[in-house]
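*Asks:* Have a look at this one before I ask anything.
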Amino acid sequence: MDGGMIATTDTLVRFTGVQKTYDGEHLVVKSLDLDIRKGEFLTLLGPSGSGKTTTLMMLAGFEVPTHGDIFIGDRPIKNVPPHKRDIGMVFQNYALFPHLTIEENVAFPLSVRGVSKAETKERVAAALDMIKLGNLAGRRPGQLSGGQQQRVALARALVFNPALVLMDEPLGALDKRLREHMQLEIKRLHETMGLTVVYVTHDQGEALTMSDRIAVFNDGIVQQIDRPDALYERPVNSFVANFIGENNVLSGVVENIEQGWARVALDAGGSVVAQAVNIGGAGNRTSLSLRPERVAIETGDSGDSTMNRLPATLTDLIYLGDHTLAVLSTPANPEFMVKLPAGSYAGLAPGQDVYIAFRPEDCRALDPV
Amino acid sequence: MTAAFVAGADVPLKRRLKRAERARQFRALGLVLPLLAFLLFTFVVPLAGMIWKSADDWEVPQVMPQTVAALEHWNGQGLPDEAAFAALAADMRTAREAGTLAVAAKRLNYIVNGYRTTLLSTARKLKEQPAPGTAKETMIGLSPAWGERESWTAIKSASGPVTSYYLLAAVDLTRNADGAIVAAPPDQAIYRDVFIRTFTIGFGVTALCLILGFPVAYLLANLPTGRSNLLMIFVLLPFWTSLLVRTCAWIVILQSEGIVNGSLQWLGVIDEPMRLIYNRFGVYMAMTHVLLPFMILPLYSVMRGISPAYMRAAASLGAPPATAFLRIYLPQTIPGIGAGCLLVFILAIGYYITPALVGGAADQMISSFIAFYTTETVNWGLASALGAVLLLSTLVLAVVYGKLALGRQTTGGLKN
């Protein structure tokens with residue numbers, strides 16, 4: 001993590017040692033050091049109650065940090081009220097003002113800033129064009145579909161060119177197709193307008209699709225902050241490995257560590273070699289993390305000694321179009337998943353005894369679950 | 001789908017829908033029927049009866065049918081002919097025997113002060129029907145009032161079957177001897193003032209309730225559930241005690257030896273007790289207290305539906321708290337303000353007990369005059385007319401409110 005670093009020129013927002021508690025007993029945000037870079041799309045991802053929304057609300061100014069401070073540029077904003085922070089925000093349920101028309105909604109941030117009538121008209125028209133809703137300017141929010149309302153909320157949050165845009169699960173209320181469409185549209189706006197976006201979601205697919213970087217929250221702590229691919233390929237702990245994507249877990253005890261490689265004795269018998277990522281020394285318990293698409297099924301011994309190999313019984317084959325999911329039972333994990341590329345499962349049938357094989361570099365030894 | 005349409009094509013779709021819906025409509029009707037019947041007999045019929053009474057003019061035609069008939073062709077100029085005098089004498093004698101003359105006397109006395117004395121004393125002195133041709137002379141001899149045109153126009157104007165007299169009187173108008181509508185004499189022209197007073201108190205109480213109730217409703221809608229429930233109990237507490245008890249409590253508190261005056265005197269703030277009751281101040285105080293829940297509850301129900309996200313959104317878009325409140329929150333509470341104000345105002349203008357107990361003579365509202373005419377003087381016509389005017393002005397307000405509320409609704413203003 002980037003905590004304690006001196007703000008570089010491309011850092012827009014900096015959290016330093018931020019803590020938050022509502023009841024004085026339980027910390028919702030435990031100790032947050034976080035840098036948000038200018039122009040990046042940063043997603044705060046985590047289960048509900050992980051502190052991600054509280055973090056966003058502190059940045060927006062609706063919650064006050066119990067400890068620590070937040071800087072925008074060099075300016076501490078702890079005592080700056082929300083309306084003076086110059087942060088655009090898109091809310092979960094859009095929060096479009098029901099008594100105002102679409103045009104008046106989008107014009108609102110300009111009119112409270114005293115922008116002239118002519119300029120307001122021009123900028124509102126441009127913002128509505130951007131979201132392709134210019135023809136609905138006179139309607140009220142209640143007459144628009146969810147997707148249209150969401151786009152209006154976006155236009156309203158962007159029309160005053162805020163330094164930073166916050167989005168609090170903005171697509172949560174939309175159906176799947178619309179959500180995917182809107183993800184791309186928000187991504188496009190981010191790129192064309194050079195926005196800095198902080199996006200909160202509990203949907204990992206959404207986070208992977210849209211983000212430059214993702215901060216994974218759990219239990220009030222940022223577990224890992226990294227690029228989507230790095231987060232998926234190289235999780236630093238079991239929470240991240242299990243939260244992002246599908247994951248197979250094998251439990252065992254570390255026998256020895258040698259140049260970054262650990263030999264692990266599985267609880268169910270047998271031993272494998274894995275990348276030592278987040279384990280203490282020999283003798284510690286560990287959970288091995290294996291992505292389903294990084295595992296092969298072998299019907300016989302291929303003789304490749306660099307591979308880890310464990311016996312398993314194929315219990316089910318689930319056809320999913322672009323790939324087939326094989327469910328296997330091994331002594332170490334009764335529901336081991338393997339993703340087989342389309343058309344590569346010829347000759348396999350449920351009930352068959354097989355081997356699962358994987359390379360040590362695809363198997364990460366992490367903290368025990 | 002297509003097949004189904006073709007199968008029933010001989011019966012139009014609309015009629016089939018109607019048939020299918022009919023059973024449901026009957027059931028719905030059955031559910032509301034008892035209430036409809038109840039309302040019909042306890043509300044609609046009495047109301048219609050009262051409104052009819054404000055125009056009904058039965059006394060004179062019933063008690064003096066011959067006189068009414070004789071005056072039918074009188075043009076109202078000069079004195080009527082001999083036949084009318086004879087008819088009047090005949091009617092008087094019949095009515096006196098039947099004991100109904102006082103009824104007509106009372107009705108005619110409304111038009112001409114002193115008519116009752118004229119009529120009753122003439123009847124008393126009229127021993128027998130005057131000989132043909134001498135009726136006019138005899139009657140004027142018994143009371144010179146019969147020689148005045150006014151006495152006869154009064155009978156003609158009260159000869160029914162309907163009259164505008166009461167309704168005109170309710171707004172301080174009357175007809176002169178020529179039948180033209182003119183202002184009522186100053187000693188009778190009190191109702192406009194009373195109506196103005198009633199509406200002034202109504203508006204004042206409504207405004208006070210809004211000013212006091214709005215922040216409470218806001219708090220109720222925004223507190224955590226536990227504390228908001230507790231506050232709600234305090235708001236509803238007045239509903240659990242009778243109106244009379246609450247009003248009397250105000251007397252105890254506000255009277256010159258009451259709690260407020262006593263405390264202030266003990267503290268040395270004032271030397272003499274202040275006059276807090278039996279005046280307009282007391283009326284405003286007690287009525288506002290009684291009517292406050294009727295303002296708070298509709299406001300609360302509307303405010304509950306306003307998501308706190310709107311104020312947050314306004315703040316994030318750069319609106320300072322006051323601007324956000326005025327431009328975003330307040331406009332969304334207008335349906336609640338409208339409903340609360342309408343409710344409080346309509347209840348307030350009908351108030352009777354409270355002003356009667358805590359107000360002075362100059363603070364009595366229209367209801368107390370209605371009560372006075374129904375129970376004291378038994379002038380049902382005027383009481384009904386005052387009630388009808390009150391009802392009409394209330395209806396006008398309700399219609400205006402409905403139009404405004406509906407106007408907002410069709411543009412989507414109340415949605416979400």
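Protein chains in written order, with the UniProt record's numbering: chain A, 1 to 369; chain B, 1 to 416.
For glycine and all other residues, C-beta sits at the position ideal for the given N, C-alpha and C.
Computed from a prediction, not measured in an experiment: that's the story for all the values here.
1) What residues in the stretch 316 to 333 of chain B have a beta carbon less than 8 Å from any beta carbon of chain A?
2) What is the rounded straight-line gap between the Cα of residue 278 (chain B) and the Cα of residue 242 (chain B)?
3) Against chain B, does residue 81 (chain A) count as a neighbour if the rule is that its beta carbon must be under 9 Å from one of theirs?
4) So which residues of chain A does residue 307 (chain B) contact, with C-beta pairs closer than 8 Å?
5) Can you tell which of B:156, B:356, B:191, B:364 has the C-alpha that lies nearest to the C-alpha of residue 176 (chain B)?
6) Please classify residue 361 (chain A) as buried or exposed, where buried requires at least 16 neighbouring CB atoms within 10 angstroms.
7) Whose Cβ in chain B lies nearer than 7 Å to the Cβ of residue 113 (chain A)?
8) What are the residues that DSSP puts in a beta bridge with residue 318 (chain A)?
9) Measuring only between beta-carbons, confirm whether residue 58 (chain A) sits less than 9 Å from chain B.
10) For residue 351 (chain B), is the classification buried or exposed, using 16 other Cβ atoms within 10 angstroms of its Cβ as the cut-off for buried?
11) Please check if any C-beta of chain A sits within less than 9 Å of the C-beta of residue 310 (chain B).
12) Is residue 277 (chain B) helix, strand or coil by DSSP?
13) So the candidates are A:163, A:189, A:297; which of them puts its Cα closest to the Cα of residue 330 (chain A)?
14) According to DSSP, what are the bridge partners of residue 450 (chain A)?
15) Just to confirm my understanding: we take residue 246 (chain B), look at its own chain, exclude 5 residues before and 5 after, and list those with CB closer than 8 Å. What are they?
16) Ordered along the chain, which non-local residues of its own chain (more than five positions away) have a Cβ less than 7 Å from that of residue 157 (chain A)?
17) Flag residue 339 (chain B) as yes if its beta-carbon sits less than 9 Å from any beta-carbon of chain A, otherwise no.
18) If we count the other Cβ atoms within 10 Å of its Cβ and call it buried at 16 or more, is residue 38 (chain B) buried or exposed?
19) Residue 127 (chain A) and residue 381 (chain A) - do their beta-carbons sit closer together than 9 Å?
20) Answer with buried or exposed for residue 78 (chain B), where buried requires no fewer than 16 other C-beta atoms within 10 angstroms of its C-beta.
21) What residues of chain B sit near residue 70 (chain A), judged by a beta carbon separation below 8 Å?
22) If I follow the unbroken alpha helix (DSSP H) through residue 350 (chain B), where does it start and stop?
23) Please find out if some non-hydrogen atom of the ligand ZN comes closer than 8 Å to the beta-carbon of residue 309 (chain A).
24) For residue 138 (chain A) and residue 331 (chain B), what's the separation of their Cα atoms in angstroms?
25) Would residue 221 (chain B) count as contacting chain A if we go by Cβ distances under 9 Å?
26) Between which residues of its own chain and residue 340 (chain B) is the CB-CB distance below 6 Å, once the five residues before and five after are set aside?
27) Give every residue of the same chain whose Cβ lies closer than 7 Å to the Cβ of residue 18 (chain B), excluding the five residues on either side of it in the sequence, and list them in chain order.
28) Which chain B residues are close to residue 186 (chain A), counting only those with a beta carbon under 7 Å from its beta carbon?
29) Going by DSSP in three states, residue 348 (chain A) sits in which element: helix, strand or coil?
30) Starting from residue 109 (chain A), find everything on chain B with Cβ-Cβ shorter than 7 Å and list it in chain order.
31) Taking C-alpha atoms, which residue in B:209, B:261, B:179, B:292 lies nearest to residue 76 (chain B)?
32) Quick check on residue 410 (chain B): buried or exposed, where buried means 16 or more other Cβ atoms within 10 Å of its Cβ?
33) Under the rule that 16 or more other beta-carbon atoms within 10 Å means buried, what is residue 169 (chain A), buried or exposed?
34) Rounding to the nearest angstrom, what Cα-Cα distance links residue 404 (chain B) and residue 345 (chain B) in this structure?
35) Under 7 Å Cβ to Cβ from residue 210 (chain A), same chain only, skipping five residues before and after it: list those, please.
36) Check residue 242 (chain A) in the structure and name its three-state DSSP category.
*Replies:* Well, looking at it:
1) 316, 317, 318, 319, 320, 321, 323, 324, 327, 328, 331, 332
2) 20 Å
3) yes
4) 93, 95
5) For the options B:156, B:356, B:191, B:364, the alpha carbon positioned closest to that of residue 176 (chain B) is the one of B:156.
6) Residue 361 (chain A) sits exposed, since fewer than 16 C-beta atoms from the chains shown fall within 10 Å of its C-beta.
7) 318
8) A:325
9) no
10) With 16 or more Cβ atoms within 10 Å of its Cβ, residue 351 (chain B) is classed as buried.
11) Yes, residue 310 (chain B) counts as interfacial toward chain A.
12) In the three-state reduction of the DSSP assignment, residue 277 (chain B) falls in the coil class.
13) The residue among A:163, A:189, A:297 with its C-alpha nearest the C-alpha of residue 330 (chain A) is A:297.
14) Residue coverage of chain A in this structure runs from 1 to 369, which leaves residue 450 (chain A) outside it and unanswerable.
15) Once the five neighbours on either side are set aside, the close Cβ partners of residue 246 (chain B) are 238, 286, 289, 290.
16) 88, 89, 90, 165
17) no
18) Exposed, by the Cβ-count rule.
19) The requested residue 381 (chain A) does not occur in the structure, where chain A is confined to residues 1 to 369.
20) Exposed.
21) The contacting residues do not exist; residue 70 (chain A) stays about 15 Å from chain B at best.
22) Here residue 350 (chain B) belongs to no alpha helix (DSSP H), and DSSP marks it neither H nor E.
23) Of the ligands one can find in the structure shown there are none, so the ligand ZN has no counterpart to examine.
24) Going by the C-alpha atoms only, they are around 18 Å apart.
25) no
26) 295, 298, 299
27) none
28) Correct list: empty, because the minimum Cβ distance to chain B is about 17 Å.
29) coil
30) 317, 318
31) Looking only at B:209, B:261, B:179, B:292, the smallest Cα-Cα distance to residue 76 (chain B) is reached by B:179.
32) Confidence in residue 410 (chain B) is poor, its pLDDT being 44 and thus under 50, which makes the residue's placement too unreliable to answer from.
33) buried
34) 17 Å
35) 41, 43, 183, 186, 187, 199
36) helix
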